[in-house]
Amino acid sequence: RVIPDGINNPGSLLLGSVGSFPVGSVGSPCPLQTFTAWCNSHLRKAGTQIENIDEDFRDGLKLMLLLEVISGQLKIIKLGIQVNKALDPRGDPRPLPSLGSNTPIVDGNAKMTLGMIWTIILRFAIQDISVEETSAKEGLLLWCQRKTAPYKNVNVQNFHISWKDGLAFNALIHRHRPELIEYDKLRKDDPVTNLNNAFEVAEKYLDIPKMLDAEDIVGTLRPDEKAIMTYVSCFYHAFSGAQKAETAANRICKVLAVNQENEQLMEDYGLLAWIQRTIPWLEARDPQKTIPAMQQKLEDFREYRRVHKPPKVQEKCQLEINFNTLQTKLRLSGRPAFMPSEGRMVSDIGAGWQRLEQAEKGHEEWLLTELRRLERLDHLAEKFRQKASIHEGWTEGKEVALRDRDSGTASLAQVRALLRKHEAFESDLAAHQDRVEQIAAIAQELNELDYYDSPSVNARCQKICDQWDLLGSLTHSRREALEKMEKQLETIDELHLEYAKRAAPFNNWMESAMEDLQDMFIVHTIEEIQGLIAAHEQFKSTLGDADREREAILGIQGEAQRLAELHGLQLPASNPYTSVTAQVINSKWERVQQLVPKRDQALQEEQNRQNSNEHLRRQFGSQANRVGPWIQTKMEEIGRISIEMNGTLEDQLNHLKEYEQNIVEYKPNLELLEQQHQLVQEALIFDNQHSNYTMEHLRVGWEQLLTTIARTINEVENQILTRDAKGISQEQMQEFRASFNHLDKDHGGALGPEEFKACLISLGYDVENDRQRRTDSNDFRALLGSLTALSPQGDAEFQRIMAVVDPNGSGSVTFQAFIDFMSRETTDTDTAEQVINSFRVLAGDKNYITAPELRRELPAAQAEYCIVAPYPGPDGVPGALDYKSFSTALYGESDL
1 RVIPDGINNP GSLLLGSVGS FPVGSVGSPC PLQTFTAWCN SHLRKAGTQI
51 ENIDEDFRDG LKLMLLLEVI SGQLKIIKLG IQVNKALDPR GDPRPLPSLG
101 SNTPIVDGNA KMTLGMIWTI ILRFAIQDIS VEETSAKEGL LLWCQRKTAP
151 YKNVNVQNFH ISWKDGLAFN ALIHRHRPEL IEYDKLRKDD PVTNLNNAFE
201 VAEKYLDIPK MLDAEDIVGT LRPDEKAIMT YVSCFYHAFS GAQKAETAAN
251 RICKVLAVNQ ENEQLMEDYG LLAWIQRTIP WLEARDPQKT IPAMQQKLED
301 FREYRRVHKP PKVQEKCQLE INFNTLQTKL RLSGRPAFMP SEGRMVSDIG
351 AGWQRLEQAE KGHEEWLLTE LRRLERLDHL AEKFRQKASI HEGWTEGKEV
401 ALRDRDSGTA SLAQVRALLR KHEAFESDLA AHQDRVEQIA AIAQELNELD
451 YYDSPSVNAR CQKICDQWDL LGSLTHSRRE ALEKMEKQLE TIDELHLEYA
501 KRAAPFNNWM ESAMEDLQDM FIVHTIEEIQ GLIAAHEQFK STLGDADRER
551 EAILGIQGEA QRLAELHGLQ LPASNPYTSV TAQVINSKWE RVQQLVPKRD
601 QALQEEQNRQ NSNEHLRRQF GSQANRVGPW IQTKMEEIGR ISIEMNGTLE
651 DQLNHLKEYE QNIVEYKPNL ELLEQQHQLV QEALIFDNQH SNYTMEHLRV
701 GWEQLLTTIA RTINEVENQI LTRDAKGISQ EQMQEFRASF NHLDKDHGGA
751 LGPEEFKACL ISLGYDVEND RQRRTDSNDF RALLGSLTAL SPQGDAEFQR
801 IMAVVDPNGS GSVTFQAFID FMSRETTDTD TAEQVINSFR VLAGDKNYIT
851 APELRRELPA AQAEYCIVAP YPGPDGVPGA LDYKSFSTAL YGESDL
């Protein structure tokens, strides 16, 4: 064998030449132990071993023995040239590289000896390893990676660190011999146990000697690469040798299997018998009466197609394949060709298979035809049953209804409804004619197709046809009876309608007449009662015609009753067109006859009452027309007296008292009017066209007259008192009255705020400035101009004046309040300034006063009353009092 190109010196791939083997490796126990174990694994085949690798190979004998074992060739051993012979590259087809001089090995040089052994290992243990396109070291590494790839915690990337935990060794063993290693129980953190386990199993079961110590591998930082490669190569060759043995065994088994298969193919010809048994079954024709039975036969045929035939198809195909394969194998193996017996040829089986398929096709067509025939029969039978059931359900009760004489007591509307209902039934009957014909046609077709239950179908069809003929006859008879009764009832119905047309208006007339005769009339005049009497007389004149109409209406009802008795008909309990019966008409007519004289009496009594009421109206109206104008005249005269102001106040007072006396003396006339009014009320008289005056108006006028004369007298008396108390002259009083009356437009005796303001300004009172200052006549026009444009100060002043003259806030100022205000404004009165000056005198011109000074000059009670506000000024003494604020508070000009 020649070393491939590029590997002329395999040792140089890892170490260089033998002469350059690392010195440090010589003393290392790993390669020395590994190489020794590797050499012994081969030397034991020759029955020997070495103990010391550098000593035992010095004579060359064991070295040549090792090379003979691993190369398979015998080396000639000659003393003196043993080492040279052993190292001669020409002695082996795979020449070793030049190792230089052999003297160092003979001399026991350990470095050179190890280099030589490593070169031998590379040449015979590693160089032949080839995986895909890689070889030697790379091929061995790739083989390890592929074998250990599925294992957890194993990642082979080199031949040193990747093997330190021992899991890679165990993974290689488990991959090829899983029964030897319990890989799942190994732990990555226990490398010594893992390594020892792999080494022991390899030595015991794989015949791989232990080449390394677990402690040496774990104890070194980086295990020796050459030692690991040597050990792993042993695993590779051990497992590859087992694979070769297995391949050889498989090859033997395959040869035996081929021979057995050929014998089996020769005997496998039972398909023809099955074909001959199946064709008669397929050609059999056994008609069934029901679909389930026929479907079962179809299911049997489908099961044959689905279960029994496919294996036979495969068997037929395989038979042809086997025949051809058998002939080929026999020819290739140098054996004679196989010739089946007569009738068992492949062509015979093909012809039988063709007959089978024809029978199968005919059987399937017959099954489907029979199934369609039975389905058609079942469909027709079901259709017959459905149509017959529907028809029988429709005819149920029809015969009884057609024989029924329910029209004997029916009204015209009911008879007409029965006729319409009968017409609808006839239409329905005609529509069902097609169904009856279809039922008969289906029964005929079932007979033609030889339906197994034809007798029951025929009996049911005959019953339906007989009943159909009977229904037609009964339908014609019922129509004739209904039409005859309709004509009779139409005549009676016309009489009922005529009766209703005349009875209803006559009944309404009687009801209206009774309402009018019983109506509670309310009249207030003679003209109204006379109108009611005239209308009543007109009504009585129509009673004769009404009585004749009543007799005619009753005659129509009698004619209808006669016709019903003549034809044996039963009239309805009431007229269908009206609820007014003859009894109702007669009863109401009698009631009208009774109410007429009662109405006459009531109208006459009301006429007498209205005559009496008219007398009372005239009597009250005459008296009221005298009293009313008298009161109005007196009111006007009193108003003129209060406005004209002729003479002195005393003259006006005397004149007013004379008027008061005249009014009191006129009171009996009013009392007489009250008595007459009482009679009018008792007679329930609510209006009186003889007078425009009512008692209520006259009472109010009388009371207003008394109030006005009393108020006017009081005002004059108060004016006299005011004049005398305030010193107002007669001319001033007249001026005040004239201004007040001029602005009192409604003569109500009071002025509103705006009217009062105008009155003040007309009298020359300056509302804009100090209340005590009055303007001259020359400024009067200017004051009038400022009436509608007062300043805020003027508005406040006017509001103060209104609070004085109208303390109740009624919004009006009486003449008396006006006189009181003007009297205060036009006379000299005490003021806050005067009181302040008086206090200043008592205080000795000081701005304050003391309590002792007050008690000295004033009575005790009044002095204590003045001790109120302390003096706030800086010039005061303890206990000083502020008499200025006290004085202004007395007049409402400030607050204490």
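With the UniProt record's numbering applied, the sequence shown corresponds to residues 1 to 896, in that order.
Don't be surprised by glycine CBs; every beta carbon is placed ideally from N, CA and C.
Bear in mind the structure is a predicted one, so any value in this text is a computation, not a measurement.
- Annotation for residue 683: no alpha helix (DSSP H) segment contains it, and DSSP assigns it neither H nor E.
- As DSSP reads the structure, residue 751 sits in a beta bridge with 813.
- Distance from the CA atom of residue 500 to the CA atom of residue 688, rounded to whole angstroms, is 51 Å.
- The bridge partners DSSP lists for residue 849 are 881.
- In the DSSP assignment, residue 870 forms a beta bridge with 881.
- Taking C-beta atoms as the reference points, residue 653 and residue 709 fail to come closer than 8 Å.
- Taking C-beta atoms under 8 Å as the contact rule, residue 809 and residue 848 fail to qualify, at a distance of about 39 Å.
- The region 356–372 and the region 386–401 do not touch, with fewer than 3 CB-CB distances between them shorter than 8 Å.
- In the three-state reduction of the DSSP assignment, residue 210 falls in the coil class, being assigned neither a helical nor a strand state.
- Just measuring C-alpha positions, the residue of 460, 722, 351, 576 sitting nearest residue 276 is 351.
- Considered as a whole, the region 505–566 harbours 526–540 as its complete alpha helix (DSSP H) runs of no fewer than 4 residues, in chain order.
- Using a 10 angstroms sphere on the CB of residue 148, the tally of other CB atoms reaches 16 or more, which defines it as buried.
- The alpha-carbon of residue 451 is positioned some 38 Å away from that of residue 274.
- For residue 205, the enclosing alpha helix (DSSP H) begins and ends at 191–205.
- Rounded to the nearest whole angstrom, the C-alpha separation of residue 890 and residue 744 is 35 Å.
- Judged by pairs of C-beta atoms under 8 Å, the region 413–421 does not touch the region 586–603, as fewer than three such pairs exist.
- Just measuring C-alpha positions, the residue of 526, 860, 628, 563 sitting nearest residue 611 is 526.
- In this chain, the alpha helix (DSSP H) harbouring residue 837 covers 832–843.
- Taken in chain order, the complete alpha helix (DSSP H) segments of 4 residues or longer contained in the region 213–244 are 214–219.
- Between residue 403 and residue 474 the beta-carbon gap is near 6 Å, inside 8 Å, which marks them as a contact.
- The beta carbon of residue 366 sits closer than 7 Å to those of 285, all from its chain and outside the five residues before and after it, given in chain order.
- The distance from the Cβ of residue 857 to that of residue 842 is about 5 Å, consistent with a contact at the 8 Å cut-off.
- The three-state reading of DSSP puts residue 604 in helix, counting H, G and I together.
- Remark: C-beta atoms of residue 212 and residue 325 do not approach each other more closely than 8 Å.
- For the pair of segments examined, the region 529–536 was found not to touch the region 612–622: the number of CB pairs separated by less than 8 Å stays below three.
- Proximity of the region 426–445 to the region 361–375 falls short of the contact definition, fewer than three beta-carbon pairs being nearer than 8 Å.
- For residue 151, there is no enclosing alpha helix (DSSP H), since its DSSP letter is neither H nor E.
- Residue nearest to residue 488 within the set 454, 649, 562, 506 is 562 (criterion: CA-CA distance).
- Secondary structure of residue 378 (DSSP, three-state): helix.
- DSSP places residue 286 in the coil class of the three-state scheme, outside both helix and strand.
- Assigned with DSSP and collapsed to three states, residue 670 falls in helix.
- Here residue 62 is buried, its C-beta having at least 16 other C-beta atoms within 10 Å.
- A buried status is given to residue 410, since no fewer than 16 other beta-carbon atoms sit within 10 Å of its beta-carbon.
- Of the residues 592, 405, 201, 461, the one whose Cα lies closest to the Cα of residue 511 is 592.
- Only residues of its own chain outside the window of five on either side were considered, and among them 848, 849, 850, 851, 854, 866, 867, 868, 869, 870, 871 have a CB closer than 8 Å to the CB of residue 881, listed in chain order.
- Judged by DSSP secondary structure, residue 325 falls within the alpha helix (DSSP H) whose first and last residues are 309–332.
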